[in-house]
Amino acid sequence: MDINTSVGQEQQQQQQNDSLSGGEGSDTTQEGGSSVPGGVKEPRHFIKKPLNALERKRSEKERKARQLRRLRKWLMPKNAIVALHELQGPGMAEFTVNTNGQETKAEIVINNVKYEATAPNKNLAKAKASEKALRDLIFAQMTRLKQQRTAAQQKQQQQQQQVVPGAAATTADKVDGPAAAKPEAEPMECVESEDLPMEHLAAFALHKLFTQWESEGFEVPFIKSSRAKTAASAPAPAENGGGGGGGGGGSSIMPKVTKTVADLPPNASTRHPTALFAYMRPQISYEDLGSNNDQLNREFVAGLRSDGRYFVGKGRSKKLARKAAAIDACKDLFGVVFDESVLSG
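All residue numbers for the sequence shown refer to the numbering used here, where the first residue is 7 and numbers rise by one.
Structure follows, in C-alpha coordinates:
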(Lines of atoms letter the chains of each structure in order from A; the text may use other names.)
(Lines give C-alpha, C1' and ligand atoms only; values in the text may rest on other atoms or scores of the structure.)
Protein backbone atom coordinates (compact mmCIF):
# COMPACT_ATOMS: atom_id res chain seq x y z
CA MET A 7 0.00 0.00 0.00
CA ASP A 8 2.82 2.38 0.85
CA ILE A 9 4.49 1.74 -2.51
CA ASN A 10 1.27 2.35 -4.48
CA THR A 11 0.58 5.48 -2.50
CA SER A 12 4.03 6.93 -3.21
CA VAL A 13 3.75 6.14 -6.93
CA GLY A 14 0.38 7.89 -7.15
CA GLN A 15 1.75 10.95 -5.40
CA GLU A 16 4.67 11.14 -7.84
CA GLN A 17 2.29 10.95 -10.84
CA GLN A 18 0.12 13.73 -9.43
CA GLN A 19 3.17 15.94 -8.81
CA GLN A 20 4.42 15.36 -12.39
CA GLN A 21 1.03 16.33 -13.83
CA GLN A 22 1.06 19.53 -11.78
CA ASN A 23 4.55 20.40 -13.08
CA ASP A 24 3.45 19.79 -16.69
CA SER A 25 0.43 22.03 -16.26
CA LEU A 26 2.58 24.75 -14.72
CA SER A 27 5.11 24.59 -17.56
CA GLY A 28 2.30 24.77 -20.16
CA GLY A 29 0.79 27.81 -18.47
CA GLU A 30 4.14 29.56 -18.43
CA GLY A 31 4.54 28.82 -22.12
CA SER A 32 1.15 30.25 -22.86
CA ASP A 33 1.94 33.33 -20.83
CA THR A 34 5.19 33.75 -22.69
CA THR A 35 3.38 33.48 -26.00
CA GLN A 36 0.89 36.12 -24.94
CA GLU A 37 3.61 38.45 -23.72
CA GLY A 38 5.73 38.05 -26.85
CA GLY A 39 2.86 38.80 -29.21
CA SER A 40 0.70 36.60 -31.39
CA SER A 41 2.47 33.77 -33.13
CA VAL A 42 1.56 31.66 -36.10
CA PRO A 43 2.79 28.21 -37.19
CA GLY A 44 6.30 28.45 -38.55
CA GLY A 45 7.59 30.87 -35.89
CA VAL A 46 6.67 34.08 -37.81
CA LYS A 47 5.33 36.95 -35.69
CA GLU A 48 2.65 39.29 -36.93
CA PRO A 49 3.59 43.01 -37.03
CA ARG A 50 2.24 45.25 -34.33
CA HIS A 51 0.04 48.23 -35.17
CA PHE A 52 0.79 51.42 -33.27
CA ILE A 53 -1.81 54.14 -32.81
CA LYS A 54 -0.56 57.60 -33.88
CA LYS A 55 -0.35 59.99 -30.98
CA PRO A 56 -2.71 62.96 -31.44
CA LEU A 57 -1.02 66.31 -32.00
CA ASN A 58 -1.30 69.09 -29.48
CA ALA A 59 -2.17 72.69 -30.34
CA LEU A 60 1.45 73.77 -30.89
CA GLU A 61 2.25 70.83 -33.16
CA ARG A 62 -0.93 71.37 -35.18
CA LYS A 63 -0.03 75.02 -35.66
CA ARG A 64 3.50 74.12 -36.78
CA SER A 65 2.19 71.48 -39.18
CA GLU A 66 -0.31 73.93 -40.69
CA LYS A 67 2.43 76.52 -41.13
CA GLU A 68 4.66 74.01 -42.95
CA ARG A 69 1.76 72.96 -45.18
CA LYS A 70 1.09 76.57 -46.20
CA ALA A 71 4.80 77.11 -46.89
CA ARG A 72 4.83 74.09 -49.23
CA GLN A 73 1.75 75.41 -51.03
CA LEU A 74 3.39 78.82 -51.52
CA ARG A 75 6.54 77.20 -52.92
CA ARG A 76 4.48 75.22 -55.42
CA LEU A 77 2.49 78.35 -56.28
CA ARG A 78 5.63 80.37 -57.02
CA LYS A 79 6.90 77.63 -59.33
CA TRP A 80 3.99 77.66 -61.78
CA LEU A 81 2.66 81.24 -61.31
CA MET A 82 5.24 83.04 -63.48
CA PRO A 83 4.61 86.01 -65.79
CA LYS A 84 3.80 84.81 -69.32
CA ASN A 85 2.83 86.80 -72.37
CA ALA A 86 -0.40 86.20 -74.26
CA ILE A 87 1.27 83.95 -76.86
CA VAL A 88 2.70 81.57 -74.25
CA ALA A 89 -0.51 81.57 -72.18
CA LEU A 90 -2.60 80.75 -75.26
CA HIS A 91 -0.24 77.94 -76.30
CA GLU A 92 -0.40 76.36 -72.83
CA LEU A 93 -4.19 76.66 -72.76
CA GLN A 94 -4.73 75.19 -76.24
CA GLY A 95 -2.02 72.54 -76.09
CA PRO A 96 0.18 71.19 -78.90
CA GLY A 97 -2.72 71.12 -81.38
CA MET A 98 -2.94 74.90 -81.56
CA ALA A 99 -3.05 76.44 -85.03
CA GLU A 100 -0.13 78.43 -86.41
CA PHE A 101 -0.08 82.19 -86.95
CA THR A 102 -0.37 83.71 -90.39
CA VAL A 103 1.76 86.85 -90.65
CA ASN A 104 1.58 89.38 -93.50
CA THR A 105 3.69 92.54 -93.68
CA ASN A 106 2.56 95.53 -95.70
CA GLY A 107 4.85 98.53 -95.46
CA GLN A 108 5.08 99.67 -91.85
CA GLU A 109 2.26 97.43 -90.62
CA THR A 110 2.30 93.73 -89.85
CA LYS A 111 -0.90 91.73 -89.50
CA ALA A 112 -1.07 88.43 -87.60
CA GLU A 113 -4.00 86.00 -87.86
CA ILE A 114 -4.86 82.83 -85.97
CA VAL A 115 -7.94 80.57 -85.91
CA ILE A 116 -9.12 79.25 -82.52
CA ASN A 117 -12.32 77.16 -82.31
CA ASN A 118 -13.29 78.17 -85.87
CA VAL A 119 -13.00 81.85 -84.97
CA LYS A 120 -10.37 84.02 -86.67
CA TYR A 121 -8.50 86.56 -84.56
CA GLU A 122 -6.33 89.18 -86.20
CA ALA A 123 -4.33 92.18 -85.06
CA THR A 124 -2.12 94.80 -86.68
CA ALA A 125 1.05 96.21 -85.13
CA PRO A 126 4.38 97.76 -86.17
CA ASN A 127 6.19 94.41 -85.84
CA LYS A 128 5.44 90.69 -85.93
CA ASN A 129 5.75 89.97 -82.21
CA LEU A 130 3.38 92.75 -81.19
CA ALA A 131 0.82 91.65 -83.78
CA LYS A 132 0.94 88.04 -82.58
CA ALA A 133 0.68 89.15 -78.96
CA LYS A 134 -2.38 91.30 -79.66
CA ALA A 135 -4.12 88.52 -81.59
CA SER A 136 -3.32 86.03 -78.83
CA GLU A 137 -4.73 88.37 -76.20
CA LYS A 138 -8.00 88.64 -78.12
CA ALA A 139 -8.28 84.86 -78.40
CA LEU A 140 -7.38 84.35 -74.74
CA ARG A 141 -9.97 86.92 -73.66
CA ASP A 142 -12.75 85.30 -75.69
CA LEU A 143 -11.89 81.81 -74.42
CA ILE A 144 -12.02 82.95 -70.80
CA PHE A 145 -15.28 84.86 -71.29
CA ALA A 146 -16.91 81.92 -73.10
CA GLN A 147 -15.99 79.51 -70.34
CA MET A 148 -17.20 81.89 -67.63
CA THR A 149 -20.50 82.36 -69.48
CA ARG A 150 -20.96 78.61 -69.81
CA LEU A 151 -20.25 78.14 -66.11
CA LYS A 152 -22.77 80.84 -65.20
CA GLN A 153 -25.45 79.20 -67.36
CA GLN A 154 -24.82 75.83 -65.72
CA ARG A 155 -25.17 77.35 -62.26
CA THR A 156 -28.39 79.10 -63.23
CA ALA A 157 -29.84 75.87 -64.66
CA ALA A 158 -28.91 73.96 -61.50
CA GLN A 159 -30.56 76.58 -59.29
CA GLN A 160 -33.74 76.53 -61.38
CA LYS A 161 -33.85 72.74 -61.15
CA GLN A 162 -33.57 72.90 -57.36
CA GLN A 163 -36.37 75.47 -57.17
CA GLN A 164 -38.64 73.29 -59.32
CA GLN A 165 -37.98 70.27 -57.12
CA GLN A 166 -38.80 72.27 -54.00
CA GLN A 167 -42.05 73.59 -55.52
CA GLN A 168 -43.19 70.06 -56.38
CA VAL A 169 -43.14 69.01 -52.70
CA VAL A 170 -46.76 68.93 -51.37
CA PRO A 171 -47.05 70.22 -47.78
CA GLY A 172 -48.73 67.82 -45.36
CA ALA A 173 -48.17 65.37 -42.59
CA ALA A 174 -47.06 62.59 -44.92
CA ALA A 175 -44.66 64.87 -46.71
CA THR A 176 -43.30 66.17 -43.40
CA THR A 177 -42.77 62.64 -42.13
CA ALA A 178 -41.06 61.64 -45.35
CA ASP A 179 -38.83 64.70 -45.14
CA LYS A 180 -37.84 63.82 -41.59
CA VAL A 181 -37.04 60.23 -42.46
CA ASP A 182 -35.53 60.63 -45.90
CA GLY A 183 -34.46 64.28 -45.71
CA PRO A 184 -30.67 63.82 -45.75
CA ALA A 185 -30.85 61.12 -48.41
CA ALA A 186 -33.13 63.23 -50.58
CA ALA A 187 -31.02 66.36 -50.16
CA LYS A 188 -27.89 64.79 -51.65
CA PRO A 189 -29.23 64.30 -55.20
CA GLU A 190 -30.41 67.92 -55.25
CA ALA A 191 -26.96 69.20 -54.27
CA GLU A 192 -25.13 67.13 -56.86
CA PRO A 193 -25.77 69.43 -59.86
CA MET A 194 -24.34 72.46 -58.03
CA GLU A 195 -21.35 70.47 -56.82
CA CYS A 196 -20.66 69.27 -60.35
CA VAL A 197 -20.87 72.83 -61.64
CA GLU A 198 -18.57 74.12 -58.90
CA SER A 199 -16.02 71.40 -59.64
CA GLU A 200 -15.42 72.78 -63.14
CA ASP A 201 -12.31 74.92 -62.83
CA LEU A 202 -11.57 77.95 -64.94
CA PRO A 203 -8.02 78.24 -66.39
CA MET A 204 -7.13 80.82 -63.79
CA GLU A 205 -3.44 79.86 -63.77
CA HIS A 206 -3.06 80.96 -67.41
CA LEU A 207 -5.07 84.12 -66.83
CA ALA A 208 -3.09 85.00 -63.69
CA ALA A 209 0.24 84.43 -65.44
CA PHE A 210 -0.78 86.73 -68.30
CA ALA A 211 -2.12 89.33 -65.86
CA LEU A 212 1.25 89.41 -64.08
CA HIS A 213 3.04 89.84 -67.40
CA LYS A 214 0.74 92.69 -68.41
CA LEU A 215 1.14 94.43 -65.05
CA PHE A 216 4.94 94.21 -65.12
CA THR A 217 5.01 95.39 -68.74
CA GLN A 218 2.96 98.43 -67.77
CA TRP A 219 5.34 99.22 -64.92
CA GLU A 220 8.31 98.86 -67.26
CA SER A 221 6.72 101.25 -69.75
CA GLU A 222 6.43 103.80 -66.96
CA GLY A 223 10.19 103.65 -66.40
CA PHE A 224 10.36 101.35 -63.38
CA GLU A 225 12.74 98.44 -63.07
CA VAL A 226 11.09 95.03 -62.82
CA PRO A 227 13.89 92.55 -62.01
CA PHE A 228 11.38 89.70 -61.74
CA ILE A 229 10.92 89.47 -65.51
CA LYS A 230 13.91 87.54 -66.87
CA SER A 231 12.97 88.17 -70.49
CA SER A 232 13.33 91.91 -69.96
CA ARG A 233 16.81 91.46 -68.56
CA ALA A 234 17.83 89.33 -71.53
CA LYS A 235 16.38 91.87 -73.94
CA THR A 236 18.23 94.69 -72.15
CA ALA A 237 21.52 92.80 -72.22
CA ALA A 238 21.09 92.17 -75.94
CA SER A 239 20.24 95.79 -76.73
CA ALA A 240 22.85 97.38 -74.44
CA PRO A 241 25.86 96.82 -76.77
CA ALA A 242 23.99 98.50 -79.65
CA PRO A 243 24.47 102.07 -78.31
CA ALA A 244 28.23 101.48 -78.02
CA GLU A 245 28.35 100.54 -81.70
CA ASN A 246 26.41 103.65 -82.62
CA GLY A 247 28.19 105.98 -80.30
CA GLY A 248 31.80 105.70 -81.38
CA GLY A 249 34.03 107.16 -78.66
CA GLY A 250 31.17 108.44 -76.54
CA GLY A 251 29.60 105.00 -76.20
CA GLY A 252 32.50 103.70 -74.13
CA GLY A 253 31.03 105.17 -70.98
CA GLY A 254 27.89 103.09 -71.41
CA GLY A 255 29.53 100.05 -69.83
CA GLY A 256 27.56 100.75 -66.68
CA SER A 257 24.32 100.07 -68.53
CA SER A 258 24.77 96.33 -67.97
CA ILE A 259 24.30 96.89 -64.24
CA MET A 260 20.63 97.23 -63.35
CA PRO A 261 20.10 100.14 -60.92
CA LYS A 262 18.27 99.58 -57.69
CA VAL A 263 16.25 102.79 -58.11
CA THR A 264 15.21 104.89 -61.09
CA LYS A 265 17.90 107.42 -61.93
CA THR A 266 17.12 111.14 -61.97
CA VAL A 267 18.76 114.28 -63.38
CA ALA A 268 21.15 114.30 -60.42
CA ASP A 269 22.58 110.98 -61.64
CA LEU A 270 23.62 112.35 -65.06
CA PRO A 271 27.33 111.94 -65.84
CA PRO A 272 29.41 115.13 -66.05
CA ASN A 273 29.95 114.82 -69.82
CA ALA A 274 26.31 114.06 -70.63
CA SER A 275 26.10 116.58 -73.48
CA THR A 276 29.01 114.96 -75.34
CA ARG A 277 27.87 111.36 -74.98
CA HIS A 278 26.05 109.46 -77.66
CA PRO A 279 22.26 109.87 -77.10
CA THR A 280 21.47 106.14 -77.20
CA ALA A 281 24.34 105.34 -74.81
CA LEU A 282 23.27 108.07 -72.40
CA PHE A 283 19.65 106.96 -72.46
CA ALA A 284 20.70 103.33 -71.90
CA TYR A 285 22.71 104.49 -68.87
CA MET A 286 19.76 106.40 -67.39
CA ARG A 287 17.04 103.90 -68.34
CA PRO A 288 18.68 100.49 -68.94
CA GLN A 289 15.39 98.60 -68.75
CA ILE A 290 13.82 100.40 -71.72
CA SER A 291 14.03 98.86 -75.20
CA TYR A 292 13.37 100.40 -78.60
CA GLU A 293 10.56 99.50 -80.96
CA ASP A 294 11.19 99.35 -84.70
CA LEU A 295 8.14 100.93 -86.31
CA GLY A 296 9.06 100.09 -89.89
CA SER A 297 9.88 102.39 -92.80
CA ASN A 298 8.28 104.12 -95.76
CA ASN A 299 8.00 102.66 -99.24
CA ASP A 300 10.12 105.35 -100.91
CA GLN A 301 13.20 103.61 -102.29
CA LEU A 302 15.02 106.90 -103.03
CA ASN A 303 14.40 108.60 -99.69
CA ARG A 304 14.10 105.63 -97.35
CA GLU A 305 13.22 106.65 -93.80
CA PHE A 306 13.00 104.38 -90.77
CA VAL A 307 10.95 105.01 -87.63
CA ALA A 308 11.78 103.91 -84.08
CA GLY A 309 10.05 104.54 -80.78
CA LEU A 310 10.50 104.06 -77.07
CA ARG A 311 8.27 104.42 -74.03
CA SER A 312 9.62 105.75 -70.73
CA ASP A 313 8.24 107.53 -67.68
CA GLY A 314 4.72 107.34 -69.07
CA ARG A 315 5.64 109.09 -72.35
CA TYR A 316 6.32 107.88 -75.88
CA PHE A 317 9.12 109.23 -78.08
CA VAL A 318 9.46 108.66 -81.83
CA GLY A 319 12.53 109.21 -83.98
CA LYS A 320 13.15 109.07 -87.73
CA GLY A 321 16.33 108.50 -89.71
CA ARG A 322 17.94 107.04 -92.83
CA SER A 323 18.69 103.84 -90.88
CA LYS A 324 17.36 102.06 -87.82
CA LYS A 325 20.33 103.26 -85.77
CA LEU A 326 19.74 106.88 -86.71
CA ALA A 327 16.02 106.51 -85.94
CA ARG A 328 16.85 105.17 -82.47
CA LYS A 329 19.34 107.99 -81.99
CA ALA A 330 16.67 110.58 -82.83
CA ALA A 331 14.23 109.00 -80.37
CA ALA A 332 16.91 108.96 -77.66
CA ILE A 333 17.72 112.65 -78.29
CA ASP A 334 14.09 113.64 -77.71
CA ALA A 335 13.82 111.43 -74.62
CA CYS A 336 17.02 112.76 -73.01
CA LYS A 337 16.02 116.34 -73.76
CA ASP A 338 12.49 116.10 -72.35
CA LEU A 339 13.17 113.79 -69.39
CA PHE A 340 16.62 114.95 -68.25
CA GLY A 341 17.05 118.37 -69.88
CA VAL A 342 20.18 117.34 -71.80
CA VAL A 343 21.19 119.58 -74.72
CA PHE A 344 23.66 117.70 -76.90
CA ASP A 345 26.61 119.33 -78.66
CA GLU A 346 26.49 119.96 -82.37
CA SER A 347 29.22 117.37 -82.90
CA VAL A 348 26.97 114.71 -81.37
CA LEU A 349 23.91 115.78 -83.36
CA SER A 350 25.73 115.86 -86.67
CA GLY A 351 27.76 112.71 -86.03
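Beta carbons are placed, not taken as given, at the ideal position from N, Cα and C, and that holds for glycine.
Distances from the alpha-carbon of A89 to those of E68, S65, A59 and K132 put K132 closest. Nearest to I116 by alpha-carbon distance, out of P126, N127, V103 and S136, is S136. Taking the Cα positions, F101 is about 6 Å away from E113.
In this structure, the CA atom of I53 is about 24 Å from the CA atom of K67. Cβ-Cβ distances below 8 Å link L202 to I144, Q147, M148 and L151 in the same chain, with the five nearest sequence neighbours on each side left out; the list follows chain order. Distance from the Cα of A211 is smallest, within the candidate group L326, I333 and A86, for A86. Measuring C-alpha to C-alpha distances from V119 to each of V103, A99, K111 and L130 identifies A99 as the nearest. With contacts defined by Cβ atoms closer than 8 Å, T110 and K128 form a contacting pair. The beta carbon of P126 sits closer than 6 Å to the beta carbons of L295 and G296 from its chain, once the five residues preceding and following it are set aside; these are given in chain order. Secondary structure at D345: coil, using DSSP grouped into helix, strand and coil.
The three-state secondary structure of I290, taken from DSSP, is coil.
Here E222 is exposed: its Cβ has fewer than 16 other Cβ atoms, across all protein chains shown, within 10 Å. Cβ atoms of A274 and V318 stay farther apart than 8 Å, at about 22 Å. Counting along the chain, V267 sits inside no beta strand (DSSP E), nor does DSSP assign it H or E at all.
Here R78 is exposed, its C-beta having fewer than 16 other C-beta atoms within 10 Å. Annotation: the continuous alpha helix (DSSP H) that includes I87 extends over A86 to Q94. In the structure shown, the three-state DSSP call for I53 is coil. In this structure L81 touches E205 by the C-beta definition: roughly 7 Å separates them, less than 8 Å.
Contact check for A327 against F340 fails: the beta carbons are separated by 8 Å or more. Under a 10 Å Cβ-count criterion, A308 is classified as buried, with 16 or more other Cβ atoms of the shown protein chains found around its own Cβ. Here R155 carries a helix assignment [DSSP, helix/strand/coil]. Distance from the CA atom of R322 to the CA atom of H278, rounded to whole angstroms, is 17 Å. Nearest Cα to Y285 within the set Q301, T264 and D345: T264.
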